[in-house]
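For the sequence shown, our numbering assigns the number 139 to the last residue and increments by one with no breaks. Don't be surprised by glycine CBs; every beta carbon is placed ideally from N, CA and C. What follows is a short report on a single structure.
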Amino acid sequence: KSRPVLLQGCAASWPAMKTWSRERLVERFGDTMFTCGPCDLRLREWYAYAERNMDDSPLFVFDRLFHERAPALLEDYEVPAVFRGRDLFDLLGADRPAFRWLLAAGRRSGSKWHVDPNKTCAWNAVVRGRKRWL
């Protein structure tokens, strides 16, 4: 039976914990395009939107191509040890489906009730702010 688990401290040593502030991300990737719902926006444009919007359902960064658009982000985190070597999609090589996303969201944003793609058992890390799961 699947059960959600909360692991604490797995990301404490990641460079992302120090460098993924709004200011530093805009400095490094402000002109980089990221997928935000139905469109792509430069990161600095998304942050400006997120700060001032009053939308009922605000756009948020949900980008599965971030590793191609901003490959330096991959150096800022690592797969927690408890998950390494356990991803059976690795066996598919180049045919594996998308498996990593960058998410950034502002106040009042969130996804609808859903099942994760490919019915995976995903892991998430919160670098800044908070995330609520229901």
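- Bounds of the alpha helix (DSSP H) holding Arg-29 are 27 to 34.
- Three or more Cβ pairs closer than 8 Å define a contact, and the stretch 43 to 50 falls short of that threshold against the stretch 12 to 24.
- In the DSSP secondary-structure assignment, Arg-47 is bridged to Met-38.
- With a 10 Å radius around the Cβ and a threshold of 16 neighbouring Cβ atoms, Val-120 comes out exposed.
- Judged by DSSP secondary structure, Ala-21 falls within the alpha helix (DSSP H) whose first and last residues are 21 to 24.
- Setting aside the 5 residues that flank it on each side, Asp-81 is surrounded in the same chain by Trp-19, Pro-20, Ala-21, Thr-24 and Trp-25, each with a C-beta closer than 8 Å to its C-beta; the list follows chain order.
- In the DSSP assignment, Phe-71 falls within the unbroken alpha helix (DSSP H) covering 71 to 74.
- Assignment of Leu-11 by DSSP, reduced to helix, strand and coil, places it in the coil class.
- Counting only runs that start and end inside the stretch 52 to 124, the beta strand (DSSP E) elements of at least 3 residues fall at 66 to 68 and 107 to 109.
- For Trp-138, the closest of Asp-60, Trp-118, Arg-112 and Ala-99 by C-alpha to C-alpha distance is Trp-118.
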